[in-house]
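Heads up: the structure comes next, in structure tokens.
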Amino acid sequence: MQWGRIDNYFTEDELQNFSEQIFMPKLRKTFNKGLELQIYQDIVSHEPVGTHKDTEFKGVPNYMQFLVPNNVNRDINLCESTSTFVEGEELIWKRCSILWWFSNCTHWSKNHKERRHCWVIQTRLSSTT
């Protein structure tokens, strides 16, 4: 599988204190022990994100990408009202879940007018793995 969603990946406490120290050990354990953080962003978007791939960051190849839903219109209960598409498959947002895909996958957001808040994590593989 090249993409998916894992429900209940994070606890509410982890989301309230979201940081690299919380998510990187979990990502390494679940996906690949050689994952290294490429970039981590706290994103608030009001406009849909068009079709694209995130294959590199500053000339360094990406390996996997992750999206962690936080809230929609500042309401944590509205996460399931929006989604992200990966290779045409709709991945509905769900609080405490993680959406993931390999960086060579085409992805975009649902055509929305909501205020969407999430964390986006791009990773690379360690050169020693």
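Using the working numbering, the final residue of the sequence shown is 145, and nothing's skipped along the way.
Glycine included, C-beta positions come from ideal geometry on N, C-alpha and C.
Span separating the alpha-carbon of residue i from that of residue j
| i | j | result |
| --- | --- | --- |
| asparagine 24 | glycine 75 | 33 Å |
| tryptophan 95 | serine 142 | Reading off the sequence shown, one finds cysteine at residue 95, where the question assumed tryptophan. Distance between the alpha carbons of cysteine 95 and serine 142: 33 Å. |
| lysine 69 | phenylalanine 118 | 9 Å |
| phenylalanine 34 | aspartate 58 | 10 Å |
| phenylalanine 73 | glutamine 81 | 11 Å |
Beta carbon of residue i nearer than 8 Å to that of residue j
| i | j | result |
| --- | --- | --- |
| isoleucine 137 | phenylalanine 47 | no |
| leucine 31 | asparagine 93 | no |
| asparagine 120 | threonine 71 | yes |
| tryptophan 116 | phenylalanine 101 | no |
Residue from the options with nearest C-alpha to residue i
| i | options | result |
| --- | --- | --- |
| tyrosine 56 | Lys45, Gly50 and Leu83 | Leu83 |
| arginine 131 | Arg44, Gly20 and Glu63 | Glu63 |
| glutamate 103 | Cys112, Gly66, Phe73 and Lys110 | Gly66 |
| lysine 20 | Trp135, Gln32, Thr71 and Glu105 | In the sequence as presented, lysine is not what sits at residue 20; that position holds glycine. Of Trp135, Gln32, Thr71 and Glu105, the residue nearest in Cα terms is Glu105. |
| histidine 133 | Gln81, Trp116, Thr139 and Trp109 | Trp109 |
| isoleucine 114 | Glu72, Ser99 and Asn127 | Ser99 |
| threonine 27 | Ser125, Asn127 and Cys112 | Cys112 |
| leucine 43 | Ile22, Lys129 and Ser97 | Ile22 |
First and last residue of the uninterrupted beta strand (DSSP E) at residue i
| i | result |
| --- | --- |
| aspartate 70 | Run containing aspartate 70: none; DSSP gives neither H nor E here. |
| aspartate 152 | Examination of residue 152 is not possible in this model, given that the chain is present from 17 through 145 alone. |
| proline 41 | That residue, proline 41, is in no beta strand (DSSP E); its alpha helix (DSSP H) goes 36-46. |
Contact belief for residue i with residue j at Cβ below 8 Å, rounded distance in angstroms
| i | j | result |
| --- | --- | --- |
| leucine 53 | glutamate 36 | 6 Å |
| threonine 139 | tyrosine 79 | 5 Å |
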